[in-house]
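Residue numbers (numbering that gives the first Met the number 0), protein chains in the order written: chain A, 0 to 366; chain B, 0 to 366; chain C, 0 to 93; chain D, 0 to 93; chain E, 0 to 270; chain F, 0 to 270; chain G, 0 to 197; chain H, 0 to 197.
Just so it is clear, CB atoms sit at the ideal spot from N, CA and C, and this is done for glycine as well.
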Amino acid sequence: MSRRLLEGSEAIAEAMVGAGCRFFAGYPMTPFTEVLEHMAKKLPPVGGVCMNAESELEAIGMVWGAAATGARAATGSVGQGLSLMQESISEASLARLPFVVLNMARSQADYFQATRGGGHGDYRTPVLAPIDVPEAAELVPLAFDLADRWRNPVLVYGDYYLAHTSQSVDVGTRPPAADLPAKDWALDGTSGGSGRARLVSFLGDVKQRDGVGYDLADYYHRVGEHWADMARSIEPLVETRHTEDAELVVVAFGSPAKFIRYVVEELRAEGVPVGFVRPITLFPFPSTTLSALAPRVRAFAVYENSAGQMVDDVRLAVLGAAPVEFIGGLTMDSSAFGIGPDLDVRVLRSRVEAVLAAHDITPEEHR
Amino acid sequence: MSRRLLEGSEAIAEAMVGAGCRFFAGYPMTPFTEVLEHMAKKLPPVGGVCMNAESELEAIGMVWGAAATGARAATGSVGQGLSLMQESISEASLARLPFVVLNMARSQADYFQATRGGGHGDYRTPVLAPIDVPEAAELVPLAFDLADRWRNPVLVYGDYYLAHTSQSVDVGTRPPAADLPAKDWALDGTSGGSGRARLVSFLGDVKQRDGVGYDLADYYHRVGEHWADMARSIEPLVETRHTEDAELVVVAFGSPAKFIRYVVEELRAEGVPVGFVRPITLFPFPSTTLSALAPRVRAFAVYENSAGQMVDDVRLAVLGAAPVEFIGGLTMDSSAFGIGPDLDVRVLRSRVEAVLAAHDITPEEHR
Amino acid sequence: MSAEDDAVVTVTTRGTVVIDKDACKGCDLCIDACKPGVLLMTDTDLNSRGYRYPLLFEGCTACKACSQICPDFVFQVHKYDEPIVTHRPAREGS
Amino acid sequence: MSAEDDAVVTVTTRGTVVIDKDACKGCDLCIDACKPGVLLMTDTDLNSRGYRYPLLFEGCTACKACSQICPDFVFQVHKYDEPIVTHRPAREGS
Amino acid sequence: MTRTRPEGLRLVDTDAPPDRPSRVVDDFTPELIDVGEHHLCPGCGEPVAMRSLVEVLAELGLVQRAVTIFGIGCYTAFSNNLDVEVLQALHGRSPSVATGVKRARPELVCVTVQGDGDMVNEGLQELLHTAARGEAVTCVLLNNGVFGETGGHMTATTVLGQRTKNTLDGRDAHLHGQPIRAADLVAQLDGAAYVARGAVNNAGNVAKTKRMLQRAVEVQLSGAGFSFVEILTMCPTGWFIRTEEAPGYLTDTLAGVHLGGVVKDIAPPAR
Amino acid sequence: MTRTRPEGLRLVDTDAPPDRPSRVVDDFTPELIDVGEHHLCPGCGEPVAMRSLVEVLAELGLVQRAVTIFGIGCYTAFSNNLDVEVLQALHGRSPSVATGVKRARPELVCVTVQGDGDMVNEGLQELLHTAARGEAVTCVLLNNGVFGETGGHMTATTVLGQRTKNTLDGRDAHLHGQPIRAADLVAQLDGAAYVARGAVNNAGNVAKTKRMLQRAVEVQLSGAGFSFVEILTMCPTGWFIRTEEAPGYLTDTLAGVHLGGVVKDIAPPAR
Amino acid sequence: MSVGRDERVVIATGIGGQGVQLASQVLAHAAMAEGLEVLLFGSYGGMMRGGNTDATVVLGRGPVDVPPVAPTAWAGLVMHHEYVEPLADRLTPESLVFVNASVVPAETFAGRPGTVVPVDAVEVAKEAGSALGAAMVLLGALAGGTGLVGLDALQAAVVEVIPPYRTQHVEVNQRALALGHALAPDAPPAWPTAGVPR
Amino acid sequence: MSVGRDERVVIATGIGGQGVQLASQVLAHAAMAEGLEVLLFGSYGGMMRGGNTDATVVLGRGPVDVPPVAPTAWAGLVMHHEYVEPLADRLTPESLVFVNASVVPAETFAGRPGTVVPVDAVEVAKEAGSALGAAMVLLGALAGGTGLVGLDALQAAVVEVIPPYRTQHVEVNQRALALGHALAPDAPPAWPTAGVPR
Ligand SMILES: Cc1ncc(C[n+]2csc(CCOP(=O)(O)OP(=O)(O)O)c2C)c(N)n1
Ligand SMILES: Cc1ncc(C[n+]2csc(CCOP(=O)(O)OP(=O)(O)O)c2C)c(N)n1
Ligand code: SF4
Ligand code: SF4
Ligand code: SF4
Ligand code: SF4
Ligand code: SF4
Ligand code: SF4
Ligand SMILES: [Mg+2]
Ligand SMILES: [Mg+2]
């Protein structure tokens with residue numbers, strides 16, 4: 000582990016390599032391009048492969064192949080490129096292929112795509128949304144571990160701020176979790192001729208020995224159980240501040256949450272009973288954290304840089320036990336790369352204050 | 000209007016042609032293939048064009064082009080093919096292109112993809128889910144009207160049962176609604192050289208006359224307002240039965256709702272105070288219908304042929320005012336084309352009965 | 000069977016095939032493939048799946064043409080260590 | 000300027016260009032394009048955007064090479080109805 | 000063509016192995032195919048091509064080094080029916096998937112099995128990029144000029160005049176465009192080291208095709224670049240003809256445009 | 000190369016139009032470009048190609064019949080800056096989009112404007128299928144061998160030895176694969192009626208390229224099939240060289256592989 | 000509750016090639032012509048490339064509420080004993096099971112609810128000109144016995160349903176329907192009041 | 000509340016080519032070397048191909064809670080008067096504004112909160128060897144006046160930050176830092192206790 004000042008895109012690349020990622024493929028799109036460039040530099044020296052794939056579809060195809068051999072593999076793009084990959088992500092989940100997909104998103108409006116499986120079918124992918132560079136460096140290795148543990152694609156949801164902010168960060172080798180299952184399903188050719196040659200497929204996981212053809216009913220059923228197990232078993236990650244006695248809890252994720260958290264701390268310092276909840280895993284969502292708070296608070300406020308998507312998950316957690324106010328909205332500059340004028344502590348503070356006023360929540364000493 | 004016995008796939012094709020659709024492009028995938036075949040037969044005689052596109056991406060690209068000229072245009076596939084189209088659907092919505100997309104789905108597990116915009120960004124598409132062939136013939140023209148009214152892609156969500164059931168149905172020409180806005184934005188070449196040549200783009204809708212480049216902040220903002228307006232303005236369609244005095248309300252959509260509705264009618268005939276709500280527009284969702292019922296019922300039960308997706312929308316509508324029980328689950332045969340053993344009145348009846356028992360709801364005379 | 004002619008025909012049989020006739024789907028591909036022309040489809044006789052299937056006559060060369068082209072893996076081809084050579088009056092059938 | 004030589008040079012100018020110098024990004028493409036070689040980039044003089052830009056000397060043929068290759072649409076090319084023909088001692092500059 | 004009973008020959012019992020000394024030279028289902036029974040149609044050319052391919056892998060001693068990557072089409076029936084390792088790819092995506100496998104484990108031999116719908120329609124781009132990159136993988140195209148699996152519609156390789164579900168009167172250039180000659184297109188790319196086109200419509204072509212497959216895999220092993228074998232296969236169902244007509248129909252239609260033979264071979268000769 | 004001051008010639012005032020009788024033969028920004036100012040780099044070849052294209056549309060009298068379909072790349076700066084109708088396509092999708100426009104309104108003239116990243120990377124398949132279909136549209140490729148817009152990375156057309164952001168020592172066949180010669184690949188398809196390759200690195204090439212564009216549009220009008228013009232353009236930024244070196248660099252690198260000239264013309268001669 | 004008073008579910012089963020789908024289509028088209036609402040959901044056994052085939056036809060005097068896989072059958076047409084589940088599973092005491100007695104053993108429905116109506120369908124069909132018309136005989140018998148739809152409508156439907164390149168089969172099927180109809184086996188009437196609304 | 004007691008926000012503004020980004024990186028790296036937590040968010044004006052450039056550097060004695068766009072500035076480095084908003088907007092009465100007085104008119108921050116510290120940065124930089132080092136002079140002055148980071152750390156950071164093919168620029172920048180540092184303008188100390196934790 001060494002401590003370095005790294006731009007987010009480089010820190011993510013460094014963390015991937017440190018986590019043992021040895022295959023990366025991508026197609027440029029700002030601000031994902033930066034990660035791709037770093038991977039292209041960092042992988043060959045450690046014996047890894049970085050492919051400048053000719054398109055997003057080809058990138059994820061390559062990762063599909065590499066992951067099937069058991070290599071830790073990743074790809075990414077911005078949400079738009081991920082849209083092109085939806086068929087592959089959905090079916091890779093069915094084929095139980097473990098890999099990591101970065102969405103260096105241009106806003107937070109890809110939340111549904113990320114958390115509901117933008118593609119067809121019932122699959123879901125765990126989604127990790129770091130607030131800043133040091134946390135990204137922590138979550139990237141976790142993403143690979145989750146992928147390997149559950150044999151499922153895992154998403155990391157970043158953005159322009161994350162890619163372009165430099166921070167002091169610990170980087171280095173982070174070996175896979177010790178208790179990960181062995182990749183005995185991975186293809187290496189050796190099982191050929193054994194009568195039980197391996198099969199990695201979204202149509203089934205056993206070769207026929209009698210009978211004819213795939214039984215999708217059986218396979219879908221089994222994978223469905225597996226997904227349900229995954230959703231139940233992964234412990235959601237969440238950051239909370241000042242929730243013990245908060246009357247208003249503000250919920251936000253990713254880089255924008257750093258602005259919101261700052262606002263909350265400012266208000267707290269002024270005696271306002273406000274708290275902060277930040278889902279770190281967007282899926283599974285930390286619903287119980289919110290539902291436990293619901294009976295005790297006067298309201299929730301949700302900030303997202305989108306027209307309002309995570310707010311659904313907050314409402315689903317709270318189920319009417321407290322009002323949920325949306326204080327977000329899409330904000331961007333003319334380039335739409337991910338910077339927005341609303342991402343400003345003063346702007347966000349005024350929105351939180353409006354909710355405080357509406358719910359008549361005042362600093363403690365003023366009551 | 001003539002009355003004919005038509006298989007769903009043919010009725011849908013007939014309804015599209017009757018609604019003035021003159022451009023169709025698609026790539027085969029069961030059970031969408033059947034619609035494509037019918038369109039290939041029906042369009043040329045009326046001067047329309049049906050393209051056997053070389054892939055789903057090319058199909059939606061062609062439809063993008065045709066729709067931009069103002070033609071009523073449509074494409075489709077199953078959910079898997081729609082996954083490939085997500086980038087295009089999302090950006091077509093930004094470019095405000097009106098066309099219709101059929102999902103002849105293999106299950107109901109594409110609900111999130113359909114209703115949340117499986118692609119990136121905040122866009123949504125209206126989604127119509129017919130219960131059977133006659134309703135499909137009604138909803139298809141409506142889909143084209145909605146597309147033209149809101150200049151947005153519109154989805155029709157069908158399935159194998161719909162494609163392969165024949166029913167007596169009225170088909171014929173259904174002129175576009177009289178109050179649709181004129182397509183003065185559509186490309187026909189004529190505005191060239193005027194100093195105001197038309198532009199159809201997901202980056203903006205005005206050519207620059209001064210300044211340099213697109214202003215995405217402005218354009219996204221305006222389209223975002225438009226989407227919000229669309230979501231607010233479209234009257235959700237919903238079928239209800241026996242909700243006046245129901246103690247349990249069962250919610251289902253599409254073909255499976257026909258099984259559920261039958262179960263509800265059976266139980267009602269036996270005096271059980273059960274009701275039925277069927278969202279016909281999945282987006283916008285008929286939330287107010289459900290929220291109005293919530294205080295009066297003892298429970299809701301939701302059936303879907305999926306691991307549970309629409310159940311989120313029911314919960315978001317009810318917001319804890321009554322318990323919402325999920326009685327669905329993915330069901331399919333070994334082909335996974337869309338037929339499932341659970342889609343059987345007896346199976347579904349027993350699930351509804353279990354909810355009735357759990358909530359202690361009995362036939363009226365037994366109390 | 001009246002042998003009106005006493006010309007003698009020499010038939011050399013270098014191998015034979017085992018035919019898994021119930022695996023056959025009656026496509027006829029083996030018939031054309033067999034250079035010596037010693038395969039013939041049944042006429043009315045059908046296998047358990049309802050298909051016609053091939054019959055073998057003397058003269059197989061064990062060339063594997065049939066087994067290589069059969070889509071349903073119906074043939075097991077055996078090559079004799081020594082060919083069988085039969086002399087018999089022409090026009091005589093089985 | 001000392002004309003040590005009295006040879007006379009004939010310069011034919013068939014047209015001229017108007018240069019929107021503040022539109023120029025100083026790429027030099029026009030310089031090579033100009034066959035008669037009558038365009039020259041400024042040396043230290045910069046336009047309002049900080050770029051060097053082309054200057055025109057006599058002898059333009061109104062061939063449009065510069066305007067056709069300029070990525071920034073800097074040139075308006077005028078073709079004279081009648082060429083200007085100038086005779087002047089060689090080696091004389093502007 | 001129907002044959003008549005061979006004159007002067009006796010019927011041979013074919014229910015049991017012979018009792019004279021002999022050895023088995025072809026044993027029903029090839030050893031690398033798990034279950035011989037399959038649901039492909041009578042007279043389909045695809046199982047014939049599959050047989051050749053797995054025999055080549057066995058003969059070259061690559062059984063424990065091979066990963067086959069399958070596309071989606073009728074041949075997908077074999078992706079859970081082989082005794083070599085299989086990676087199932089999505090429709091069209093096999094060449095990229097093979098690239099990922101090969102780059103991650105260069106010691107493996109990677110062979111894709113794709114149909115014309117899979118490879119020349121949905122996945123043409125991946126094929127060409129993979130070839131241009133000179134990727135050391137082998138792509139095998141089973142070309143019957145139709146989407147067999149979905150009911151026999153025209154593909155990008157259907158030749159003019161060919162009958163398919165949506166060109167019952169034969170493909171027409173004006174209405175349906177021109178076919179793509181996949182092998183010739185691939186050969187145009189500098190990264191392609193070996194490109195050949197065979198067929199399985201008669202025993203001679205099967206044997207030739209098998210040699211092409213063998214050479215293609217050898218070229219992959221040599222590291223000279225991308226190798227490609229297109230195999231014309233019969234699809235009596237999609238062509239709406241009788242099984243026994245299919246070999247001849249293939250010769251008259253597909254084979255007249257997609258010309259057989261080695262199109263390109265710039266790899267060094269095999270050791 | 001830097002030029003020296005021409006000897007013996009006088010400087011001419013270029014701030015105002017001449018006062019002698021004359022007529023304007025080229026007027027700053029072409030009439031079909033709304034705003035001359037743009038954010039493309041100094042020495043970029045793309046605006047030069049754009050100028051030729053819109054001039055051709057104007058000269059053929061097609062201004063009120065044309066729809067241009069734009070891909071995504073640096074040239075997209077022109078998609079909201081033309082006085083002809085524009086349909087913006089997603090990255091790679093233009094040929095299919097153009098197909099939809101043309102099929103829905105056959106009376107229109109459809110021209111796509113795409114870069115090598117757009118057309119030969121992301122959208123190679125659409126290009127080839129459209130060409131094979133013989134679609135009556137014209138696709139124009141602005142080929143600079145880099146993704147200019149995203150910072151100058153290698154594309155599928157980058158020639159061996161060419162400098163890009165990720166091949167600073169030049170593209171290497173072993174590491175990065177071989178380039179695709181787009182025009183030659185398209186010419187291989189029977190549906191392609193006209194295929195040509197020009198460049199804008201000097202005035203002579205600009206003039207030749209303009210004639211190619213004109214012929215391509217005429218071929219489209221003739222209904223003979225698909226037409227295609229590839230134009231090699233300078234990208235000093237992505238090549239990491241000085242603007243004045245770019246035309247020569249183009250000659251030495253791109254133009255040595257992507258050979259200029261009319262590659263194919265099977266359409267009847269223009270009326 | 001069993002099926003709605005105004006809806007009649009007919010489930011036909013058999014194996015490929017026995018004319019089950021054709022007969023179901025003829026019934027559906029005939030009912031259409033008589034002004035009934037119709038739903039027809041054909042077998043998907045074909046998709047599985049197996050030999051089984053079945054079809055559900057629902058006729059209604061109002062919009063059809065019965066789903067494509069009906070819970071109960073008002074009547075059945077049984078062509079082969081090897082494949083009867085889709086029907087056998089759905090019988091009620093009121094069900095009428097018209098059985099191709101030429102092929103199906105008498106005991107096939109022993110112990111099942113409903114009334115079995117045996118018809119020597121193959122023999123009668125041969126009389127009509129071809130054994131292949133057996134399913135039509137069974138359908139004719141159903142119509143003749145219950146008045147579900149009229150013979151004229153059925154015969155007219157044959158013309159509609161049989162593809163133009165097979166018109167030579169029209170007459171023999173029409174004859175099979177007529178002979179089956181003439182058998183008029185004893186059965187309760189299909190509809191509460193005689194006749195069918197037009 | 001204004002910025003946390005243990006966090007120091009420096010916002011640098013200017014136009015392209017004035018060395019704003021370089022100076023910010025040098026500060027960030029120097030702080031890293033001194034064991035501080037660092038956050039640096041560079042201008043994105045460059046993305047817009049405009050000429051403006053700015054950077055936010057946050058130094059902390061614990062994890063940095065300040066977001067990449069900071070609400071207030073503890074100090075500013077102002078290289079050009081044409082582009083000052085990102086800083087001017089964020090001044091508090093405690094802010095220290097180090098101004099390149101060689102270019103920026105005195106009245107630029109009139110009426111704004113905070114203390115302006117004028118530095119003849121261009122002149123001093125010329126002394127150091129090149130006018131291009133002006134931003135370094137300003138940075139040196141900030142460090143010299145407040146003790147934000149040490150001069151050694153800054154000078155070492157220059158070596159880290161300047162790309163290898165430009166090492167000829169290292170010395171002149173180091174000199175500029177030193178001359179700026181030596182100016183040691185009067186200013187309150189950056190940290191409550193002298194020195195910086197290691
Ligand atoms: C993305 C996608 N689109 C469509 C399909 C449906 N589909 C399955 S197989 C097939 C055609 C296969 O054709 P080909 O590859 O030629 O194989 P064949 O069936 O002829 O052997 C299609 C279109 C699919 N599985 N995935
Ligand atoms: C689907 C998708 N992937 C990636 C991008 C990002 N992107 C924008 S422009 C571009 C490259 C453009 O290259 P080219 O077409 O050659 O144009 P140039 O910039 O060289 O003119 C890329 C990769 C995108 N817009 N869409
Ligand atoms: S092995 Fe050869 S000769 Fe023998 S039956 Fe087969 S094809 Fe005929
Ligand atoms: S080739 Fe095989 S399946 Fe076809 S007829 Fe001969 S034995 Fe039967
Ligand atoms: S018009 Fe021709 S001669 Fe005149 S300046 Fe331009 S390039 Fe030179
Ligand atoms: S070509 Fe145009 S932009 Fe370039 S130097 Fe000449 S005038 Fe300036
Ligand atoms: S449809 Fe064609 S390709 Fe598919 S199994 Fe049948 S014959 Fe073979
Ligand atoms: S990056 Fe290249 S293509 Fe893009 S504007 Fe600059 S020079 Fe032109
Ligand atoms: Mg095929
Ligand atoms: Mg380019």
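Note the first and the last residue of the continuous alpha helix (DSSP H) segment covering P246 (chain F).
A245 to D251
Delimiting residues of the beta strand (DSSP E) encompassing N271 (chain E):
Residue 271 (chain E) lies beyond the residue range present for chain E, which begins at 0 and ends at 270; the question has no answer from this structure.
Hey, is A18 (chain B) close to ligand 3, as in C-beta under 7 Å from one of its heavy atoms?
no
Going by alpha carbons, who is nearest to H119 (chain B) out of B:L4, B:L83, B:S290 and B:A146?
Per the Cα distances, B:L83.
Using 7 Å as the cut-off, classify the Cβ of E363 (chain A) as near or not near the heavy atoms of ligand 8, replying yes or no.
no
Quick one: which unbroken alpha helix (DSSP H) runs of 4-plus residues sit fully inside the stretch 147-194 of chain H? Chain order, please.
For the stretch 147-194 of chain H, the continuous alpha helix (DSSP H) assignments of 4+ residues that do not extend past its boundaries occur at 150-160 and 169-182, in sequence order.
By a C-beta neighbour count over all protein chains shown, 10 Å radius and 16 as the cutoff for buried, is H173 (chain E) buried or exposed?
Exposed: under 16 other Cβ atoms inside 10 Å.
Starting from the Cα of F27 (chain E), find the closest Cα among C:D27, C:T9, C:K78 and C:S66 and give me that residue.
C:S66
For a test of the three-state rule: what should DSSP assign to M50 (chain B), helix, strand or coil?
strand
So the alpha helix (DSSP H) A12 (chain A) belongs to, where does it begin and stop?
Run containing A12 (chain A): G7 to G17, per the alpha helix (DSSP H) assignment.
Could you please give me the residues that DSSP links to A201 (chain H) through a beta bridge?
Limits of chain H in this structure are 0 at one end and 197 at the other, which puts residue 201 (chain H) out of reach.
Give a yes or no on whether the C-beta atoms belonging to P35 (chain C) and T60 (chain C) are separated by under 8 Å.
P35 (chain C) is a Cβ neighbour of T60 (chain C), given a cutoff of 8 Å.
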